[in-house]
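Colleague:
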Amino acid sequence: MFLGDRREMYEAAIGQMGPLIVDDPTRDLWNLRVVHDLGLAGDDFEEFYEVLQRFEPTENKVPRRFIPSELSRDAYYVACATGYFARRFPWLRRRYVRKLSVPELRLKELDRRLYS
Numbered sequence: 072m073f074l075g076d077r078r079e080m081y082e083a084a085i086g087q088m089g090p091l092i093v094d095d096p097t098r099d100l101w102n103l104r105v106v107h108d109l110g111l112a113g114d115d116f117e118e119f120y121e122v123l124q125r126f127e128p129t130e131n132k133v134p135r136r137f138i139p140s141e142l143s144r145d146a147y148y149v150a151c152a153t154g155y156f157a158r159r160f161p162w163l164r165r166r167y168v169r170k171l172s173v174p175e176l177r178l179k180e181l182d183r184r185l186y187s
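Residue numbers for the sequence shown follow this note's numbering, beginning at 72 and rising by one.
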């Protein structure tokens, strides 16, 4: 299956995760960052992975260095970046996202790691 064929799968999986805040809604789906843009960390990422597994099962996993645990400082910043005030004030969201120390993992890279 080619990357473009899985676009709908990722859109549906993201839709099942609830309303997500993205600074630029016109941004290409494949360039969205899992933690930095979508705010998926810890258990939220595990739920996202399970949704992807229902669409197309895989045995591959994502290295933990890309996904902060629920109790990490980065998970706290993700929670702040997706909270009430950050939704109302985009500058505040960007401030918390800049503090994240986990490496960026774009959906394109996630797909490559899981399905190739």
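Backbone N, C-alpha and C fix where the C-beta goes; we use that ideal spot for every residue, glycine too.
With H, G and I counted as helix, E and B as strand and the rest as coil, what does DSSP make of L171?
Modeller: Correct three-state label for L171: coil.
Colleague: Alpha helix (DSSP H) containing V105: first to last residue?
Modeller: From DSSP, V105 is part of no alpha helix (DSSP H); its letter is neither H nor E.
Colleague: Could you tell me the distance, in whole angstroms, from the CA atom of E79 to the CA atom of L100?
Modeller: Their Cα atoms are separated by approximately 10 Å.
Colleague: Taking DSSP's pairing of strands, which residues face R184 in a bridge?
Modeller: R184 pairs with nothing; no bridge assigned.
Colleague: Using a Cβ-Cβ cutoff of less than 7 Å, which residues in the same chain neighbour A152 once the five nearest sequence positions on both sides are dropped?
Modeller: Excluding positions up to five away in sequence, the list reads G110, R164, Y167, V168.
Colleague: Taking C-alpha atoms, which residue in L171, A83, G86, R104 lies nearest to R177?
Modeller: Comparing Cα-Cα distances from R177 to each of L171, A83, G86, R104, the minimum goes to R104.
Colleague: Can the beta-carbon of M88 be found closer than 9 Å to that of D115?
Modeller: Yes, Cβ-Cβ distance for M88 and D115 is below 9 Å.
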